[in-house]
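Q: Residue numbers (this note's numbering): 112 to 207.
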Amino acid sequence: MSEQKNSLSVVTILPPPSLSPGSVQLAQGTKVMLSDGSELSGVRSVEMKAEAGGSWKAIITVYPEIIQPVNAEAEIVVVDITDMKAQSRTYARVEA
Numbered sequence: 112m113s114e115q116k117n118s119l120s121v122v123t124i125l126p127p128p129s130l131s132p133g134s135v136q137l138a139q140g141t142k143v144m145l146s147d148g149s150e151l152s153g154v155r156s157v158e159m160k161a162e163a164g165g166s167w168k169a170i171i172t173v174y175p176e177i178i179q180p181v182n183a184e185a186e187i188v189v190v191d192i193t194d195m196k197a198q199s200r201t202y203a204r205v206e207a
């Protein structure tokens with residue numbers, strides 16, 4: 112199985128609209144937008160830090176959803192081969 116490798120970066124952090132001018136900016140509803148235009152899901156917190164003489168840094172905490180591949184093997188042991196007009200069902204057995 113080959114892994115798909117994509118490289119995305121955070122483009123912007125969008126706070127939700129303010130409820131009224133001059134009110135406190137709420138954090139709930141903030142969106143983290145990626146370079147492909149999609150929204151980063153699973154975001155639990157965004158912390159903005161600035162150092163004197165430096166630039167802003169964002170620390171984004173994400174709880175990822177890990178989707179594990181499922182490998183399964185199946186063996187068919189009984190097959191219904193009855194046609195639609197038949198009065199009773201007919202089965203074929205498959206030996207392993």
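Glycine residues also receive a C-beta, built at the ideal position from the N, C-alpha and C atoms.
1) Which value, in whole angstroms, describes the spacing of the CA atoms of T123 and I170?
2) To the nearest angstrom, how far is it from the Cα of V173 to the Cα of E158?
3) According to DSSP, is M144 helix, strand or coil?
4) Quick check: what's the CA-CA separation for I143 versus P128?
5) By DSSP's criteria, K160 is part of a beta bridge. Which residues make up the other side?
A: A quick look at the data gives this:
1) When rounded, the distance between both Cα atoms is 13 Å.
2) Between the C-alpha atoms of V173 and E158 there is a straight-line separation of about 12 Å.
3) If DSSP states are grouped into helix, strand and coil, M144 belongs with the strands.
4) First, the residue type needs correcting, since residue 143 is Val and not Ile in the sequence shown. Cα to Cα, V143 sits roughly 14 Å from P128.
5) DSSP output for K160 lists K168 as bridge partner(s).
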